[in-house]
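Chemist: Can you keep this structure in mind? I'll have questions shortly.
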Amino acid sequence: MAKKIYSTYPMVKYLRKEALPTALCPGCGGGTVLNAFANAIDGLKIDPKDLVVVSGIGCSAWIASPYFLADTLHTTHGRAIAFATGVKVGLPDKKVVVISGDGDLASIGGNHLLHAARRNIDITVILVNNFIYGMTGGQVAPTTPFGAKTTTSPYRNIEHPLQISETVAAAGASYVARWTTAHVYQLIESIKKALQVKGFSLVEVISQCPVQFGRRNRMKEPAEMLRWFLKNSVPVSRARNMSPEELEGKFVIGEIVNRERPEFTTELNKLIDEVQEHFGLKEE
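If you want it as structure tokens, here you go:
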């Protein structure tokens with residue numbers, strides 16, 4: 042018999058109580074991201090029945106599925122955005138949100154991420170970046186900082202990390218922002234903005250993984266990682282006047298881009314109407 046969960050936490054109404062307590066590791070930033078997302082949904086008064094939340098494979102994919110109380114799709118590795126694109130085209134009136142990790146969305150799923158931004162399809166992606174493949178053993182990822190240690194780079198990582206937000210902005214997204222789990226209120230406000238944008242929106246969340254990343258890089262406690270985030274965060278307005286050398290190892294936070302561009306599903310439906318009218322198939 043499932044144990045009943047009683048809580049004074051105001052966002053518990055958005056959670057699947059039967060899935061609690063969480064299976065996430067102690068100190069994981071996934072709970073902070075779930076809290077921020079629930080607060081954003083609550084603040085905008087979005088009915089969860091109007092939501093479809095999609096995730097891939099990995100620790101961060103568990104944030105939405107099974108914990109968020111809405112229609113969720115737990116998809117194959119790296120394909121969350123492809124599934125979300127299909128949902129949005131088929132159900133254009135739904136708010137479609139992808140929540141997954143950097144290994145899922147920016148590595149094996151990187152191609153889908155870039156082309157969804159290029160198409161400017163109206164979905165919101167919350168990409169949780171913990172610098173590592175957390176669920177499968179702590180391997181090096183495209184986001185692992187230069188010099189960091191992982192199970193597959195035990196001496197140090199000699200690759201420079203992919204700058205996800207800047208790359209997605211260059212690909213054509215309407216809205217892109219980056220925050221850390223130490224900037225909770227700013228994160229909530231950015232998720233709210235992203236959910237209201239007509240077009241592709243990305244909120245990258247730098248998140249702590251003390252179990253796989255932190256303990257290999259002299260930050261065994263979650264609080265140590267949060268202090269690292271705060272110490273090395275640079276507002277985007279100040280970063281514009283800094284050199285690449287000065288920005289090495291820093292986290293550029295804030296809104297990277299916020300603009301209006303033609304949106305994919307709107308343009309697709311316009312095209313369908315034009316073709317139907319041309320061939321006399323449009324219903325009066």
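So the number in my numbering is just where the residue sits in the sequence shown, counting from 1, plus 41.
Using N, Cα and C, we set each Cβ at its ideal position, and we do this for glycine too.
(1) Between the C-alpha atoms of Leu-322 and Val-169, what's the straight-line distance to the nearest angstrom?
(2) Look up Glu-245 in the DSSP assignment and give the residues it is bridged to.
(3) How big is the Cα-Cα spacing for Ala-264 and Val-298?
(4) Report the residue from Glu-245, Met-52, Ile-294, Val-252 whose alpha carbon sits nearest the alpha carbon of Arg-281.
(5) Just checking, does the region 171-191 make contact with the region 109-119 on the three C-beta pairs under 8 angstroms criterion?
(6) Using 10 angstroms around the beta-carbon of Leu-312, count the other beta-carbons present and answer buried if the total reaches 16, otherwise exposed.
(7) Do the region 154-166 and the region 77-92 touch if we need at least three Cβ pairs shorter than 8 angstroms?
(8) Quick one, are the C-beta atoms of Ala-105 and Ile-229 less than 8 angstroms apart?
(9) Could you tell me the distance, in whole angstroms, from the CA atom of Val-166 to the CA atom of Glu-315?
(10) For Asp-134, count the other beta carbons within 10 Å of its own beta carbon; 16 or more makes it buried, fewer makes it exposed. Which is it?
(11) So what does DSSP say about His-319, is it helix, strand or coil?
(12) Using a Cβ distance threshold of 8 angstroms, determine whether the region 259-277 contacts the region 122-130, with at least three qualifying pairs required.
(13) Which of helix, strand or coil does DSSP assign to Gln-204?
(14) So, at 6 angstroms on beta carbons, what are the nonlocal neighbours of Trp-103 in its own chain, with the 5 sequence-adjacent residues on each side left out?
(15) By Cβ distance below 8 angstroms, which residues in the same chain neighbour Thr-208 in space, the five residues on each side in sequence not counted?
(16) Whose C-alpha, out of Asn-171, Thr-193, Leu-203, is nearest the C-alpha of Pro-183?
Modeler: Put simply:
(1) Along the sequence shown, one-based indexing puts residue 322 at 281. Along the sequence shown, one-based indexing puts residue 169 at 128. Between Leu-322 and Val-169, the C-alpha separation is close to 45 angstroms.
(2) Counting from one through the sequence shown, the residue named residue 245 turns up at place 204. Answer by DSSP bridge pairing, in chain order: Leu-168, Arg-219.
(3) Walking along the sequence shown from the start, residue 264 turns up at place 223. Walking along the sequence shown from the start, residue 298 turns up at place 257. Near 30 angstroms, if we compare the C-alpha coordinates of Val-298 and Ala-264.
(4) Taking the sequence shown and counting its residues from 1, the one referred to as residue 281 is at position 240. Closest option to Arg-281, Cα to Cα, is Ile-294.
(5) no
(6) Within the sequence shown, numbered from 1, the residue matching residue 312 stands at position 271. It is exposed - the Cβ of Leu-312 has fewer than 16 other Cβ atoms within 10 Å.
(7) no
(8) Your numbering for residue 105 matches position 64 in the sequence shown. Your numbering for residue 229 matches position 188 in the sequence shown. No, the Cβ-Cβ distance between Ala-105 and Ile-229 is not below 8 angstroms.
(9) Taking the first residue of the sequence shown as 1, we reach residue 166 at position 125. Taking the first residue of the sequence shown as 1, we reach residue 315 at position 274. Cα-Cα distance, rounded: 30 angstroms.
(10) Working through the sequence shown from its first residue, we reach residue 134 at position 93. Result: exposed.
(11) Looking up residue 319 in the sequence shown gives position 278. Reduced to three states, the DSSP call for His-319 is helix.
(12) no
(13) Position 163 of the sequence shown, counting from 1, holds the residue named residue 204. It is coil, neither helix nor strand.
(14) Taking the first residue of the sequence shown as 1, we reach residue 103 at position 62. Result list for Trp-103: empty, nothing under 6 angstroms.
(15) Here residue 208 refers to the residue found at position 167 of the sequence shown. Counting only Cβ-Cβ distances below 8 angstroms, and skipping sequence neighbours, we find Leu-155.
(16) On the sequence shown, position 142 is the one that residue 183 refers to. Minimum Cα distance to Pro-183 is reached at Leu-203.
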